[in-house]
Amino acid sequence: MNPTEAPRQAAPARAMWPLYAAGFTTAFGAHGIAANLGGFSDDAVTSLLVLGGLLALYDGAEVVLKPLFGCLADRIGARPVLLGGLVAFAVASALYVVADSPGWLWAARLGQGAAASAFSPSASALVARLNPAAGHGRAFGSYGFCKSVGYTLGPLLGGVLVWAGGLRLLFAVLAVLGAAVAVWAAVAVPVVPPLPKARQTVLDLARRLADPVFLAPTAALAGATAALSVGVGFLPVSGRAAGLGTVATGAAVSVLAACAAVVQPRAGRALDQGRLTTRSGLLAGLLVTAAGLACAMLPGLAGVLCAAALIGAGTGLITPLGFAALASSTPPERLGQTMGSAELGRELGDAGGPLLVAAVATATTLTYGYAALAVLLAAGPLVVLAHRPGKR
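So the sequence shown is residues 11 to 402, counted in the numbering used here.
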């Protein structure tokens, strides 16, 4: 096949599973450590300020570096950037295993974030390059499913590992995981050469990123990530306020992640089979997610569980459709840049959602914080539906 042509059929599963494993690795690494830093590392985390800094270090590296590594993937090929990022992730994780000191924990966490910034958008670009446009929904649904499994297992399995052997054991497992996925990808992922592309100025890039075909799905992805982050972080707070124990609140968060994991592959298949469009799916996903946040305003276990289920289902609907829309509207030679920029939007949503809810909750109550984000997510779809032209 000519490298400038789109593939006519989906890549074999043996070529796709290492990419899905890369998505699992970044999700498991991010949440596995973040969920266990505060409770099991008193020597390294001496205050809430230090904990906040360590948590922000990983995401901060991703915000800065993901667009840069996305552009690099377009220039030299996504596969080398994927492999280099996975190897760097393994090395950064092993750094703390060997050194085992608070200072090296900061260095290891920064290195992990920088490495994830390389292999995460590269994996997304390869998912798009190795599959025809008609199969993007299924491919990104499976990719999102594996990331959701990583987000789910990260706090649980990470907690078990830290309980058994401390943070060093968790970092050791991540080092082995990163190295294993790198070897797997090197063996199974085919070489996808970079495509020739016309010279692009900064103004050209700004115009492309300001185009609604990029902004609309990216904004939906950012909103979904904001709601997901708020659900994971604040639903346990609502549960405790309602008198629920840690088991019940933990189960609620697991319901959220499980719903997101179950919905994503189904949404992708529905898109590929023509039973769903990206426009209708994104609008429905945002409205369902907003309804979930509205349910979070209800007191008691029922409100928490309904919120978790609807937020998970809404974000699970948005994620594969958003990435499929970006892949279908992007020239193949610019996929890395687009995926890196879209991931930046998701990271901003990941940080902005909890900040918005926390700011409103500080001034009023957490109920109004949920309401503020719900209104923000529902506003876009309601405006679009209100201005939808009628049939002639």
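Yeah, the Cβ is synthetic: ideal placement off N, Cα and C, and Gly gets one too.
- Item | Residue span of the alpha helix (DSSP H) that contains R89, given as start and end | Working through the sequence shown from its first residue, we reach residue 89 at position 79. Its alpha helix (DSSP H) spans residues 88-109.
- Cβ pair L296, A230 closer than 8 Å: Reading the sequence shown from its first residue, position 286 is the one you call residue 296. Reading the sequence shown from its first residue, position 220 is the one you call residue 230. The Cβ atoms of L296 and A230 lie closer than 8 Å to each other.
- What residues in its chain sit with their C-beta under 6 Å from that of R279, if we drop five residues either side in the sequence? Position 269 of the sequence shown, counted from the first residue, corresponds to residue 279. Cβ neighbours of R279 beyond the five flanking positions: R148.
- Cβ-based burial, G310 [other Cβ within 10 Å; buried from 16]: Walking along the sequence shown from the start, residue 310 turns up at place 300. Of the residues assessed, G310 falls on the exposed side of the cut-off, its CB having fewer than 16 other CB atoms within 10 angstroms.
- What separation, rounded to the nearest whole angstrom, lies between the Cα atoms of L75 and A323? Reading the sequence shown from its first residue, position 65 is the one you call residue 75. Reading the sequence shown from its first residue, position 313 is the one you call residue 323. If you take the alpha carbons of L75 and A323, they lie about 30 Å apart.
- Whole-angstrom distance between A271 and E357, CA atom to CA atom: Counting from 1 along the sequence shown, the entry for residue 357 is found at position 347. Counting from 1 along the sequence shown, the entry for residue 271 is found at position 261. Rounded to whole angstroms, E357 to A271 spans 19 Å at the Cα level.
- Query: What residue from L327, A128, T299 has the CA that sits closest to G291's CA?
  - Reply: Position 281 of the sequence shown, counting from 1, holds the residue named residue 291. Cα-wise, what sits closest to G291 is L327.
- Query: What alpha helix (DSSP H) runs, 4 residues minimum, are completely inside the region 298-363?
  - Reply: 310-339
- CA-CA distance, H146 and L386? As a first step, residue 146 is located in the sequence shown; it is residue number 136 there, counting from the start. As a first step, residue 386 is located in the sequence shown; it is residue number 376 there, counting from the start. Their Cα atoms are separated by approximately 28 Å.
- Less than 8 Å separating the beta-carbons of A32 and L120? Your numbering for residue 32 matches position 22 in the sequence shown. Your numbering for residue 120 matches position 110 in the sequence shown. The answer is no: Cβ separation not under 8 Å.
- Message: Beta-carbon within less than 6 Å of T36's beta-carbon, same chain only, minus the 5 sequence neighbours each way: which residues are those?
- Response: Indexing the sequence shown from 1 puts residue 36 at position 26. Taken in chain order, the residues that qualify are A126, S130.
- Quick one, are the C-beta atoms of T329 and A234 less than 8 Å apart? By one-based count along the sequence shown, residue 329 stands at place 319. By one-based count along the sequence shown, residue 234 stands at place 224. In this structure, A234 lies closer than 8 Å to T329 by Cβ.
- Taking the Cβ atom as the reference point for each residue, do V298 and A182 lie within a distance shorter than 8 Å? Here residue 298 corresponds to residue number 288 of the sequence shown, with the count starting at 1. Here residue 182 corresponds to residue number 172 of the sequence shown, with the count starting at 1. In this structure, A182 does not lie closer than 8 Å to V298 by Cβ.
- Query: Closest to V199 by CA distance: which of A40, R289, L140 is it?
  - Reply: Reading the sequence shown from its first residue, position 189 is the one you call residue 199. Comparing alpha carbon positions, the residue from A40, R289, L140 closest to V199 is L140.
- Message: Measuring only the C-alpha atoms, how far is V186 from V201?
- Response: Numbered from 1 along the sequence shown, position 176 holds the residue referred to as residue 186. Numbered from 1 along the sequence shown, position 191 holds the residue referred to as residue 201. Spanning the two alpha carbons is a distance of roughly 24 Å.
- Query: What do you get for L365, buried or exposed, if any count of 16 or more other CB atoms within 10 angstroms of its CB means buried?
  - Reply: Translated into the one-based positions of the sequence shown, residue 365 becomes position 355. By the Cβ-count criterion, L365 is exposed, with fewer than 16 other Cβ atoms from all chains shown falling within 10 Å of its own Cβ.
- Query: Buried or exposed: where does I321 fall if 16 or more other Cβ atoms within 10 Å of its Cβ makes it buried?
  - Reply: As a position in the sequence shown, residue 321 is number 311, starting the count at 1. Counting Cβ neighbours within 10 Å, I321 comes out buried, since at least 16 surround it.
- Could you check the C-alpha separation between G249 and G313 for me, to the nearest Å? Numbered from its first residue, the sequence shown carries residue 249 at position 239. Numbered from its first residue, the sequence shown carries residue 313 at position 303. Straight-line Cα distance between these residues: approximately 9 Å.
- Query: How many Å lie between L352 and A335 at the Cα?
  - Reply: Working through the sequence shown from its first residue, we reach residue 352 at position 342. Working through the sequence shown from its first residue, we reach residue 335 at position 325. The sequence as given places Ala at residue 352; Leu does not occur at that position. Approximately 11 Å, taken between the alpha carbons.
- Message: Can you list, in chain order, the residues of its chain with a C-beta nearer than 6 Å to that of P246? Leave out the 5 residues immediately preceding and following it.
- Response: For the purposes of this step, residue 246 is taken as residue 236 along the sequence shown, with counting starting at 1. Once the five neighbours on either side are set aside, the close Cβ partners of P246 are T259.
- Query: Is the CB-CB distance between G39 and A71 below 8 Å?
  - Reply: Locating residue 39 in the sequence shown gives position 29, counting from the first residue. Locating residue 71 in the sequence shown gives position 61, counting from the first residue. Going by C-beta atoms, G39 is not nearer than 8 Å to A71.
- How many Å lie between L331 and S111 at the Cα? Taking the first residue of the sequence shown as position 1, residue 331 is located at position 321. Taking the first residue of the sequence shown as position 1, residue 111 is located at position 101. C-alpha separation (whole angstroms): 43 Å.
- Item | Residues near T228 in its chain [Cβ-Cβ closer than 6 Å; skip 5 each side] | Against the sequence shown, residue 228 aligns to sequence position 218. Counting only Cβ-Cβ distances below 6 Å, and skipping sequence neighbours, we find A352, G355.
- Task: Rounded to whole angstroms, what's the CA-CA distance from L308 to G255? Just pull it up for me.
- Result: Start at 1 with the first residue of the sequence shown, and residue 308 comes out as number 298. Start at 1 with the first residue of the sequence shown, and residue 255 comes out as number 245. Rounded to the nearest angstrom, the two C-alpha atoms are 17 Å apart.
- Specify the secondary structure class of A267 as computed by DSSP and reduced to three states. Looking up residue 267 in the sequence shown gives position 257. It is helical.
- Assign D221 to one of three DSSP states: helix, strand, or coil. Within the sequence shown, the letter at position 211 stands for residue 221. Residue state, collapsed to three classes: coil.
- Y378: buried (16+ other C-beta within 10 angstroms of its C-beta) or exposed? Position 368 of the sequence shown holds residue 378. It counts as exposed.
- Beta-carbon proximity of Q347 to S158, cut-off 8 Å: In the sequence shown, counting from the first residue as 1, residue 347 sits at position 337. In the sequence shown, counting from the first residue as 1, residue 158 sits at position 148. No, these two residues do not count as a Cβ contact at 8 Å.
- Item | For Q283, the first and last residue of its enclosing alpha helix (DSSP H) | Taking the first residue of the sequence shown as 1, we reach residue 283 at position 273. For Q283, there is no enclosing alpha helix (DSSP H), as DSSP marks it with neither H nor E.
- Message: So that I know if they touch, is there some Cβ in chain D lying closer than 8 Å to that of K76?
- Response: Going by chain labels, chain D is absent from the structure shown, which holds only one protein chain.
- Message: Quick check on A317: buried or exposed, where buried means 16 or more other Cβ atoms within 10 Å of its Cβ?
- Response: In the sequence shown, the residue the question calls residue 317 occupies position 307. Buried, by the Cβ-count rule.
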